[in-house]
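Each residue of the sequence shown is one higher than the one before, starting from 581 at the first, in the numbering used here. Here the structure is laid out as structure tokens; the discussion comes afterwards.
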Amino acid sequence: MDRNEELAVGRRLLGHIDGRTTDLADSLFRNRVIAYSSRERANLERDRLFRDLPIFMGLSARLAKPGDYVTEDVAGMPVLMTRGADGSVKAFANICRHRGAPVADGCGNARAFTCPYHGWTYDLAGKLLGTTDKVGFAGVDLASHGLVRLPAAERHGMLFVRPKPVQPGEGPELDIDAGLGPIAADLAALQLDTYPMFSTDRVAPRINWKFAVDTFLEVYHVPHLHRKTIGPYFIGNVGTFDGAGLNGRMCVARTSIDAVRGLPETERNYRPHVISIYQLFPNTILIFQVDHIEIWRAFPGRDDPGRCEVEMTIYRPAETDKPDSYWEKNRDIAIRTVMEEDFPLGERMQIGFESGATEEVLYGRNEPSLVHFHSSIRNALGVAA
Ligand code: FES
Ligand SMILES: [Fe+2]
Numbered sequence: 581m582d583r584n585e586e587l588a589v590g591r592r593l594l595g596h597i598d599g600r601t602t603d604l605a606d607s608l609f610r611n612r613v614i615a616y617s618s619r620e621r622a623n624l625e626r627d628r629l630f631r632d633l634p635i636f637m638g639l640s641a642r643l644a645k646p647g648d649y650v651t652e653d654v655a656g657m658p659v660l661m662t663r664g665a666d667g668s669v670k671a672f673a674n675i676c677r678h679r680g681a682p683v684a685d686g687c688g689n690a691r692a693f694t695c696p697y698h699g700w701t702y703d704l705a706g707k708l709l710g711t712t713d714k715v716g717f718a719g720v721d722l723a724s725h726g727l728v729r730l731p732a733a734e735r736h737g738m739l740f741v742r743p744k745p746v747q748p749g750e751g752p753e754l755d756i757d758a759g760l761g762p763i764a765a766d767l768a769a770l771q772l773d774t775y776p777m778f779s780t781d782r783v784a785p786r787i788n789w790k791f792a793v794d795t796f797l798e799v800y801h802v803p804h805l806h807r808k809t810i811g812p813y814f815i816g817n818v819g820t821f822d823g824a825g826l827n828g829r830m831c832v833a834r835t836s837i838d839a840v841r842g843l844p845e846t847e848r849n850y851r852p853h854v855i856s857i858y859q860l861f862p863n864t865i866l867i868f869q870v871d872h873i874e875i876w877r878a879f880p881g882r883d884d885p886g887r888c889e890v891e892m893t894i895y896r897p898a899e900t901d902k903p904d905s906y907w908e909k910n911r912d913i914a915i916r917t918v919m920e921e922d923f924p925l926g927e928r929m930q931i932g933f934e935s936g937a938t939e940e941v942l943y944g945r946n947e948p949s950l951v952h953f954h955s956s957i958r959n960a961l962g963v964a965a
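Listed below in structure tokens is the structure:
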């Protein structure tokens with residue numbers, strides 16, 4: 581965010597700390613527990629959220645150089661994303677046009693992709709370069725058997741893909757700014773394209789993917805659940821929240837924020853004391869930490885609403901005098917807090933949701949990010965409850 585916005589958020593946080601208040605949602609929100617456990621709901625979410633909307637794929641550093649590629653299953657869509665020789669980013673269904681094998685695996689740098697099954701080759705723009713049996717496939721037109729294109733975009737240092745093929749009459753470019761709304765300027769100011777990737781960790785907790793997102797959308801639980809880890813460093817149950825379409829931004833204060841009070845406002849630097857948590861709908865949480873970026877992405881499990889896959893990536897600044905051990909420590913704290921405290925509790929909550937004993941969960945007015953997230957889901961799904 582820019583300097584004026586940083587000062588405004590700082591003022592709001594100090595006001596809340598002094599008044600023992602926090603930003604409030606308009607009203608308390610009741611959600612049915614089947615939102616976390618029903619297969620019908622999971623299918624609707626896959627179609628409306630994970631096929632129709634742009635999905636965040638990482639910062640630009642994930643495809644740093646021409647020829648870099650990544651593959652990933654995005655809620656059941658095998659995705660191949662490439663950076664071409666011209667620097668542009670493109671995405672495809674990672675499905676060979678012969679008999680469907682994935683043409684690329686993992687991530688790396690390549691000039692072309694050779695399908696592991698029978699050796700057909702494709703270039704970085706998805707064009708079929710050749711089959712390996714000219715007689716058997718005589719008459720197959722190479723030009724119309726390229727990889728199926730998925731709309732993609734690189735914007736403000738972020739990569740996006742829409743995991744549904746380009747439709748007739750549609751271009752392969754995604755319009756990202758329209759969906760980001762006022763958050764676009766905020767994210768542009770973060771210069772996300774300058775951050776190299778430091779680490780990636782993946783887990784598959786037995787929780788619904790939305791619970792993995794919920795974890796980051798309130799600090800009400802921090803002094804309780806995290807009292808032995810990050811609790812002492814944060815002011816619990818205090819935050820600002822600003823919605824931007826389906827997305828949102830929550831800012832929370834570290835206990836060190838008191839240090840700014842002795843300074844005139846124009847000299848205050850909130851950066852070491854305020855954490856900004858961007859919710860990129862539907863499944864990404866981008867946390868602007870004091871000196872690095874931590875990103876969490878949650879994906880629904882393929883057959884079970886009670887399972888998900890979660891990825892945490894840490895991006896550190898390009899210019900830093902801190903040794904790798906410092907970033908390793910940050911990674912470790914994030915893992916211990918979320919993967920060893922939030923998710924294990926969440927697994928027990930998921931069992932409770934699936935037991936049928938309760939019908940709803942409540943998000944309080946003091947949890948405006950949660951209220952916004954679940955209202956946005958209802959809007960995007962077109963359901964009333
Ligand atoms: S499935 Fe790819 S070459 Fe046969
Ligand atoms: Fe937590």
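Where is the CB? At the ideal position from N, CA and C, for every residue including glycine. Quick caveat, the model's predicted, so the values are computed rather than measured.
If you follow the beta strand (DSSP E) that residue i is in, where does it begin and where does it stop?
i	result
E940	E940 to Y943
E652	D648 to V654
M892	C888 to Y895
R663	M657 to R663
G828	N827 to A833
Q930	First-last for Q930: F923 to S935, but that is the alpha helix (DSSP H), not the beta strand (DSSP E).
At the level of alpha carbons, what is the spacing between residue i and residue j?
i	j	result
P731	G751	7 angstroms
E927	K670	37 angstroms
V783	F791	14 angstroms
R729	L587	43 angstroms
E939	A824	30 angstroms
D632	T701	29 angstroms
E620	L866	29 angstroms
H872	S724	44 angstroms
S836	R851	11 angstroms
M892	V720	42 angstroms
E734	T900	25 angstroms
V802	P812	9 angstroms
Kindly indicate the opening and closing residues of the alpha helix (DSSP H) around residue i.
i	result
L727	First-last for L727: undefined, no H or E at that position.
R583	R583 to G599
K909	D904 to A914
A792	W789 to D794
D627	R619 to R628
S779	First-last for S779: M777 to V783, but that is the beta strand (DSSP E), not the alpha helix (DSSP H).
Can you tell me whether residue i is buried or exposed, with buried defined as 16 or more other CB within 10 angstroms of its CB?
i	result
S640	buried
A622	buried
P743	buried
N946	buried
P943	Before going further, note that residue 943 is Tyr rather than Pro in the sequence given. Burial call: buried.
Y697	exposed
N959	exposed
E625	buried
One question on the structure: do residue i and residue j come within less than 9 angstroms of each other, judged by their Cβ atoms?
i	j	result
F778	N827	no
A898	E889	no
S617	P885	yes
R834	F814	yes
G706	T651	no
I857	L797	yes
V941	T795	no
Out of the options, which has the shortest C-alpha to C-alpha gap to residue i?
i	options	result
I614	E652, G749, I787 and G737	I787
Y649	M637, I873, G656 and F821	M637
R663	L709, P646 and E939	P646
L760	D822, R896 and W907	D822
I957	R591, L704, E845 and R628	R628
K808	E921, Q747 and P696	E921
N863	V802, L660 and V654	V654
A765	H736, P844, N689 and R887	H736
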